[in-house]
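Asks: Before I ask anything, let me first share the structure, which is written out below as structure tokens.
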Amino acid sequence: MISNKKFKKILNDIKRRPEDASKELGIEEKVFQKYLNGEMLIPFDVVKKSVEMWSLNYNDFFSVEDDAPKGFKYMSSSDSDLSKRLMHRNNKPYYLYKDTAYSRLSPFKPEWIEELLVVDNNDPENNEIAYNNGHFLHQFTYFIGEVNFYYIESGVKKVAVMSTGDSMYISPYIPHSFATRKNENNANGIILALTYADKLDHNCVDELNAIGVTLSKKYKMNLENEIQAFKSNLKYFLQINSINIETLSEKLNLPEITNFEKINQLPDYDTINKVAKYLEINLRDLLPIHNDAKVTIKKNSECNQWYYPNKKNKTYIFTVLAGAKKLPVSKAFEMQILQETYNEMSDLESPTHQYVYNIGQNPCNFYVNSHFEKEILPGDSLYIKPNLRHAFSSLNSKLLVLRTGGKISGDPLYHFSHVEDNQISRVIDDNKQWFNQ
Ligand SMILES: [Fe+2]
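If you count by the numbering used here, then the sequence shown holds residues 43 to 479, one letter each, in order.
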């Protein structure tokens, strides 16, 4: 929907009073005021004119519509069944897909997928296996039953033999495939494939696209190892400041960094700190991530585990599933529920979007702000908004939980946190003109 609030915000950003804007757009001021106050719908033509006149983007005018006003969205397993899609590969049925819970706000698009191809070997070169081309989104996968996970890493086909409780993470564009391993029970394997955008989302891609391939390629850093990552990142900040390494080493009296190309050891903490201070940036900005695995495979037996809230009050067991260091706020867990009835000590709150799927054999109860909301049956799923207080109770039910940071994590979160308390509401819903008449 074209948002009148967003239109007001834009006028603030480009420092136009309504009387200025209406004149420039050739709209009667009275009518224009009605658009801004929400008394009249804003015609698309007005947006088009504004975009052309003031170098704006169309999507600046559209708002995100909240489809989870209660703080969560629930999808029953029978609703999931309604979205069944059969996928063929090599002219044979290969996957059966079903949607599970998600929201317009959720960075993830989670699928339940049954593996219809049954294999009797673990050969990654098996020509029955249809590898895809990989995709833009990150993928976390949880395995149920006997499933082979096939993937291509650096041009080499590989296979991981997975069973219930095992999990994997793959980076964007890793080609992959799945098949059921022949088993005594003749049961098809199931995966929960949770694909999500983290920091590099479609808005970023829009920006890269507009900047163009030639210029965008120059952004790419060398994160191969710690030294390359340090150098690449320092170069980035030197370029931003138009200062070269000789000048920097002179200013700081650090001859050891003058011969930049020859640095083969990470400078010590004091040196990096001096550089950070001189460039007026945080130390962490000079310590980039590097060499994170493109594929992580985690067997259930190797996972870290803990009780929550603590050993004394064993309410949940958290088992940490596959993840990647480069995505520090995207975390997946198996969560076993040990409490039969709700108590406040068991409340959970996560500053991330959350996906929950009942992988257990038993139903569980879901509470929001201490109130019972829903019974979650095996196969049911939930989307939960960030920072919502919630809890579960049941005896020995088990949930799969995926948490992802969304847009308000990392640097945007730090910037948000720097806004004064009395201005926070303005950031969230800015309706005011930037000056008083
Ligand atoms: Fe995938």
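Positions of the beta carbon are idealized from the N, C-alpha and C atoms, including for glycine. Quick caveat: nothing in here was measured; it's all calculated off a predicted structure.
Can you tell me the Cα-Cα spacing of Leu-236 and Lys-151, whole angstroms?
Replies: Residue mapping note: residue 236 aligns to position 194 of the sequence shown, counting from 1. Residue mapping note: residue 151 aligns to position 109 of the sequence shown, counting from 1. If you take the alpha carbons of Leu-236 and Lys-151, they lie about 6 Å apart.
Asks: Classify Tyr-136 as buried or exposed, calling it buried when 16 or more other Cβ atoms lie within 10 Å of its own Cβ.
Replies: As a position in the sequence shown, residue 136 is number 94, starting the count at 1. Its Cβ being crowded by 16 or more others within 10 Å, Tyr-136 is buried.
Asks: Could you compute how far the alpha carbon of Glu-188 sits from the alpha carbon of Glu-298?
Replies: Along the sequence shown, one-based indexing puts residue 188 at 146. Along the sequence shown, one-based indexing puts residue 298 at 256. C-alpha separation (whole angstroms): 55 Å.
Asks: For Gln-381, verify whether its CB is less than 6 Å away from any heavy atom of ligand 1.
Replies: Position 339 of the sequence shown, counted from the first residue, corresponds to residue 381. Incorrect: Gln-381 has no Cβ contact closer than 6 Å to ligand 1.
Asks: What are the complete alpha helix (DSSP H) segments, minimum 4 residues, inside the region 207-259?
Replies: Qualifying alpha helix (DSSP H) stretches, in chain order: 244-253 and 255-259.
Asks: Kindly provide the chain-ordered list of residues whose Cβ lies closer than 7 Å to any non-hydrogen atom of ligand 1.
Replies: Result: Asn-174, His-177, Gln-181, His-218, Ala-235 and Thr-237.
Asks: How many angstroms separate the CA atom of Gly-231 from the CA atom of Glu-157?
Replies: Counting from one through the sequence shown, the residue named residue 231 turns up at place 189. Counting from one through the sequence shown, the residue named residue 157 turns up at place 115. Their backbone Cα atoms lie some 5 Å apart in a straight line.
Asks: Closer than 6 Å by C-beta to Ser-451: which residues in its own chain qualify, once you throw out the five before and the five after it? Chain order, please.
Replies: Counted from its first residue, the sequence shown places residue 451 at position 409. Correct list, in chain order: Val-371.
Asks: Which residue's Cα is closest to the Cα of Met-43: Glu-107, Thr-446, Ile-253 and Asn-169?
Replies: Here the question's residue 43 lines up with position 1 in the sequence shown. The candidate whose alpha carbon is nearest that of Met-43 is Glu-107.
Asks: Runs of 3 residues minimum, wholly inside the region 128-172: which ones carry the beta strand (DSSP E) assignment?
Replies: Whole beta strand (DSSP E) segments, 3+ residues: 134-141 and 150-157.
Asks: Taking buried to mean at least 16 other C-beta atoms within 10 Å of its own C-beta, is His-130 buried or exposed?
Replies: Numbered from its first residue, the sequence shown carries residue 130 at position 88. So His-130 ends up on the exposed side.
Asks: From Gly-254 to Tyr-77, what does the alpha carbon distance come to, in whole angstroms?
Replies: For the purposes of this step, residue 254 is taken as the residue at position 212 of the sequence shown. For the purposes of this step, residue 77 is taken as the residue at position 35 of the sequence shown. For Gly-254 and Tyr-77, the distance between alpha carbons rounds to 35 Å.
Asks: If Pro-420 sits next to Gln-403, beta carbons under 8 Å apart, how far is it from one beta carbon to the other, in whole angstroms?
Replies: Against the sequence shown, residue 420 aligns to sequence position 378. Against the sequence shown, residue 403 aligns to sequence position 361. Yes, Pro-420 and Gln-403 are in contact; Cβ-Cβ is about 6 Å, under 8 Å.
Asks: Rounded to whole angstroms, how far is the Cβ of Gly-207 from the Cβ of Glu-376, which I believe are closer than 8 Å?
Replies: Residue numbering aside, residue 207 sits at position 165 when the sequence shown is read from its first letter. Residue numbering aside, residue 376 sits at position 334 when the sequence shown is read from its first letter. That pair is a contact at about 7 Å.
Asks: Under a three-way DSSP split, which group does Glu-364 fall into?
Replies: The residue labelled residue 364 in the question sits at position 322 within the sequence shown. Correcting the residue identity first, residue 364 is Ala in this sequence and not Glu. Reduced to three states, the DSSP call for Ala-364 is coil.
Asks: CB-CB under 7 Å to Ile-205, same chain, minus the five flanking residues each way: which ones, in chain order?
Replies: In the sequence shown, the residue the question calls residue 205 occupies position 163. The sequence given here places Ser at residue 205; Ile does not occur at that position. Closer than 7 Å at Cβ, skipping near neighbours: Phe-185 and Glu-188.
Asks: Are Arg-326 and Lys-373 touching if we call contact CB-CB under 7 Å?
Replies: Looking up residue 326 in the sequence shown gives position 284. Looking up residue 373 in the sequence shown gives position 331. Contact flag unset, no.
Asks: Report, in whole angstroms, the separation of the C-beta atoms of Ser-122 and Trp-154, which I expect to be a contact under 8 Å.
Replies: As a first step, residue 122 must be located in the sequence shown, where it is residue number 80. As a first step, residue 154 must be located in the sequence shown, where it is residue number 112. Indeed, because the Cβ distance is near 6 Å, the residues count as touching under 8 Å.
Asks: Using C-beta distances below 6 Å, list every residue in its chain close to Leu-53, excluding the 5 sequence neighbours before and after it, in chain order.
Replies: Within the sequence shown, the letter at position 11 stands for residue 53. So the list reads Ala-63, once near-sequence residues are dropped.
Asks: If you count every other CB in all the chains shown that lies within 10 Å of the CB of Leu-128, and 16 or more means buried, which is it?
Replies: One-based indexing of the sequence shown puts residue 128 at position 86. Burial call: exposed.
Asks: Give the range of the beta strand (DSSP E) segment to which Val-443 is assigned.
Replies: One-based indexing of the sequence shown puts residue 443 at position 401. Unbroken beta strand (DSSP E) run through Val-443: 440-446.
Asks: Check whether the Cβ atoms of Pro-393 and Asn-352 sit closer than 7 Å, and answer yes or no.
Replies: Taking the sequence shown and counting its residues from 1, one reaches residue 393 at position 351. Taking the sequence shown and counting its residues from 1, one reaches residue 352 at position 310. For Pro-393 and Asn-352, no; Cβs fall outside 7 Å.
Asks: Measuring CB to CB, does Tyr-358 end up less than 7 Å from Ala-433?
Replies: Position 316 of the sequence shown holds residue 358. Position 391 of the sequence shown holds residue 433. Taking 7 Å as the Cβ cut-off, Tyr-358 and Ala-433 do not qualify as a contacting pair.
Asks: DSSP three-state label for Lys-112, please.
Replies: Translated into positions along the sequence shown, residue 112 becomes position 70. The answer is coil: DSSP assigns Lys-112 none of H, G, I, E or B.
Asks: Which residue from Pro-149, Ile-418 and Val-161 puts its Cα closest to that of Asn-228?
Replies: Working through the sequence shown from its first residue, we reach residue 228 at position 186. Nearest of Pro-149, Ile-418 and Val-161 to Asn-228, Cα basis: Val-161.
Asks: How about Tyr-425 and Tyr-144: do their beta carbons lie closer than 7 Å?
Replies: For this step, residue 425 is matched to residue 383 along the sequence shown. For this step, residue 144 is matched to residue 102 along the sequence shown. Yes, the Cβ-Cβ distance between Tyr-425 and Tyr-144 is below 7 Å.
Asks: Got a sec? Which residues, its chain only, sit under 7 Å from Ser-92 by beta carbon, not counting five neighbours each side?
Replies: One-based indexing of the sequence shown puts residue 92 at position 50. Result list for Ser-92: Leu-67 and Leu-98, in chain order.
Asks: Where do the ends of the alpha helix (DSSP H) carrying Ala-63 lie?
Replies: As a first step, residue 63 is located in the sequence shown; it is residue number 21 there, counting from the start. Segment 60-67, the alpha helix (DSSP H) holding Ala-63.
Asks: Report the partner residues of Gln-21 according to the DSSP bridge assignment.
Replies: Nothing about residue 21 can be read from this structure; the chain reaches only from 43 to 479.
Asks: Specify the secondary structure class of Glu-94 as computed by DSSP and reduced to three states.
Replies: Looking up residue 94 in the sequence shown gives position 52. In this structure, Glu-94 counts as helix in the three-state DSSP scheme.
Asks: Hey, out of Lys-416, Arg-431 and Asn-346, whose CA is closest to Glu-386's CA?
Replies: Reading the sequence shown from its first residue, position 344 is the one you call residue 386. Nearest C-alpha to Glu-386: Arg-431.
Asks: Can you tell me where the beta strand (DSSP E) holding Glu-195 begins and where it ends?
Replies: Indexing the sequence shown from 1 puts residue 195 at position 153. Its beta strand (DSSP E) spans residues 189-195.
Asks: State the CB to CB distance for the pair Asn-133 and Gly-80, rounded to an integer number of angstroms; the pair is presumed to be in contact (CB under 8 Å).
Replies: For the purposes of this step, residue 133 is taken as residue 91 along the sequence shown, with counting starting at 1. For the purposes of this step, residue 80 is taken as residue 38 along the sequence shown, with counting starting at 1. Not confirmed; about 54 Å, so no contact.
Asks: Just to confirm, is the Cβ distance from Lys-520 to Ser-120 under 7 Å?
Replies: Any property of residue 520 remains undetermined from this structure, which presents the chain solely from 43 to 479.
Asks: Count the other CB atoms, across all protein chains shown, that sit within 10 Å of the CB of Thr-289; report buried if there are 16 or more and exposed otherwise.
Replies: What you label residue 289 is simply residue 247 of the sequence shown in a count that begins at 1. Classification of Thr-289: exposed, given that the 10 Å Cβ count is below 16.
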